[in-house]
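Since the structure comes first, as structure tokens, the remarks are kept for the end.
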Amino acid sequence: MLTELSNPAPGPARGRYADGYALVARTFADQLERGMEVGAALSVYRRGEQVVDLWGGQADASRRAPWQRDTRVALFSVTKGLMAMGLHLLADRGQLDWDAPVAEHWPGFAANGKAAITARMLVNHQAGLPFLDAPLTLAQCVDPAQADAVRSALEAQAPAWTPGERQGYHAITWGLYARELFERIAGEPVGPFLRRELFEPLGSDAYLGTPAEEDARVATLYPPAIGDRVARMLGASLLQPRSTEAHVLRASIARSSIARRAFLNPKTGPRGVLAYNDVPVRRAALAWASATASADGVARAYLPFAGGGAHGGRRYLREETIAPVYARQGWARDLVVQKPMGWSQGFLKEERHLFSPTPQSFGHAGMGGALGWADPVEGLAIGYVMNRMDWRVRSPRCVALCRALYECEPLDRGPTRLAP
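All letters in the sequence shown, in the order written, are residues 14 to 433 by my numbering.
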């Protein structure tokens, strides 16, 4: 039996959830009621059937615009998971060999010690390219007229370590390199490819390069002020000197550190993270951050990846293509994020029990708290989006929702269908 959920300000929780998932609904509503969210949404599918569909709060607090079921928001690094999906489709078609050098498809990439870097090293953050020496701006990255200059900076960069021997999160450069590799192989931009081959057939509203007709549905991001974030991280470092946030703060303060250089180039300009609210950024296919989607759009994109490559009677890729992602292909203390992290062919393999207790699960989290995740064992596809960005490396709001999901009914009763 389905239960309608409604809660008072700061924004009534709306939507539906299937019988047995009340704990998820209560957790989501509680976060709204306590003012932890401005606006947010959560969508969960199990074995292809939707079991959680919740949203609430405000898409724009200044205009008091309510968050709707189809409200979309910038996904930050959840974008990387969508980009990895595109690369897997190429691999499934025999166009991409993970263990072949990137330079086979992109000859200019071989410059300055990069000739032996494989696609696997690149997408698993082992290539030694987490930063660029050439100064770039976000404005250059969204300007088609600057594409040659950006490409030249990518080709000129030398690895910061012997490729394959260490791991450091390529926070921004991952998207620049991965998109160039994809488009050289596919012969077309990644955004239209993903819409045609994956998102539209799945009914997902995700876009990498959001068109003007979708602008009215895009929520406003509310990142923490830089001073507030630094103060909070400083407080965390004093109270918990061994926490991830403390390690990140110390690493970021050092002027020449890998962490500092990884996050500060390309420069966003005086608006900082608020620049990701701007239309030119939304229009661009910045494969590290600029995709937009609703929570349901994110969850739908993960449906075939939670279902062995198939969904709704259609096979999107062979199970043998996606099955290697079920195991970690790397696990190390990350030189940038300063915590243990694992990767498999571009997908994040987080610490067990952070987003899922299932070792085979994978996906990608985004700065501020958004999440796209697949659990192929339980058949779960999860999408969580919000516009109040958290200052921590992993948002406690997102983690709480994931834990509530796995604490609900035992996930072995078969699919539960939402009422029409």
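Beta carbons are placed, not taken as given, at the ideal position from N, Cα and C, and that holds for glycine.
TODO: May I ask you to list the residues that DSSP assigns as paired with TYR190?
DONE: Partner(s): none; TYR190 has no beta bridge.
* To do: Pair every Cβ in the stretch 108-122 with every Cβ in the stretch 191-198, then say whether three or more of these pairs are closer than 8 Å.
  => yes
Worksheet entry | HIS138 - containing beta strand (DSSP E), residue span | Here HIS138 belongs to no beta strand (DSSP E), and DSSP marks it neither H nor E.
Report task. Give a yes or no on contact between the stretch 373-380 and the stretch 351-361, applying the rule of three or more CB pairs nearer than 8 Å. Result -> yes
Check whether the Cβ atoms of TRP301 and ALA173 sit closer than 9 Å, and answer yes or no.
no
Check: Apart from the five residues just before and just after PRO214, which ones in its own chain have a Cβ nearer than 7 Å to its Cβ?
Finding: ARG327
Under the three-state reduction of DSSP, which class applies to ASN20: helix, strand or coil? For ASN20, the pLDDT reaches just 28, beneath the cut-off of 50, and the residue's location in the model is therefore unreliable, although a value from the coordinates is still provided. Note: ASN20 maps to coil in three-state DSSP.
Within 10 angstroms of its Cβ, does THR175 collect 16 or more other Cβ (buried), or is it exposed?
-> exposed
request  = Have a look at ALA232 and VAL86 and give me their C-alpha separation to the nearest angstrom.
outcome  = 5 Å
- Task: Using DSSP bridges, identify the partner residues of LEU67.
- Result: GLY28 and LEU55
query: Mind checking THR131: buried by the 16 CB within 10 Å criterion, or exposed?
result: buried
Near ALA162, which residues of its chain fall below 7 Å by C-beta distance, leaving aside the five closest residues on each side in sequence?
GLN153
*Alpha-carbon to alpha-carbon, GLY141 and GLY177*: 8 Å
Answer yes if the stretch 291-308 comes into contact with the stretch 204-219, meaning at least three C-beta pairs across the two stretches below 8 Å, and no otherwise.
yes
Item to complete: With a 10 Å radius around its C-beta and 16 neighbouring C-beta atoms as the bar for buried, classify LEU367 as buried or exposed.
Response: exposed
- Rounded to whole angstroms, how far is the Cβ of MET402 from the Cβ of GLY381, which I believe are closer than 8 Å? 3 Å
**Prompt:** DSSP state of ALA78, grouped into three classes?
**Reply:** strand
Q. Between the C-alpha atoms of GLY94 and SER75, what's the straight-line distance to the nearest angstrom?
A. 31 Å
Exercise. Would you call ASN125 buried or exposed, if buried means 16 or more other Cβ atoms sit within 10 Å of its Cβ?
Worked result: exposed
Q. When the Cα of TRP404 is compared with those of TYR397, GLU332, THR281 and VAL286, which residue comes out closest?
A. VAL286
Cβ-based burial, GLY204 [other Cβ within 10 Å; buried from 16] = buried
Worksheet item: Relative to the C-alpha of THR150, which residue among GLY282, SER303 and ARG365 is closest?
Response: GLY282
Q | Presumed contact (8 Å Cβ cut-off) between LEU102 and GLU210, rounded CB distance | A | 6 Å
* Report buried or exposed for SER165, applying the criterion of at least 16 other Cβ atoms within 10 angstroms of its Cβ. => exposed
Subject >> Which listed residue (LEU109, PHE89 and ARG27) has its alpha carbon closest to that of GLY70 >> reply: ARG27
Would you give the residue range spanned by the alpha helix (DSSP H) that HIS183 belongs to? That residue, HIS183, is in no alpha helix (DSSP H); it is neither H nor E in DSSP.
Less than 8 Å between the CB of GLY379 and some heavy atom of the ligand PLP, yes or no?
Ligands are entirely absent from the displayed structure, and the ligand PLP is therefore not among its contents.
Would VAL57 and ALA394 qualify as a contact pair, given that the criterion is a beta-carbon distance under 9 Å? yes
ask   = Name the DSSP bridge partner or partners of VAL231?
value = ARG85
Tell me, which residues are paired with ARG346 by DSSP? PRO353
Practice prompt. Tell me whether VAL406 sits in a helix, a strand or coil according to DSSP, three-state version.
Written response: coil
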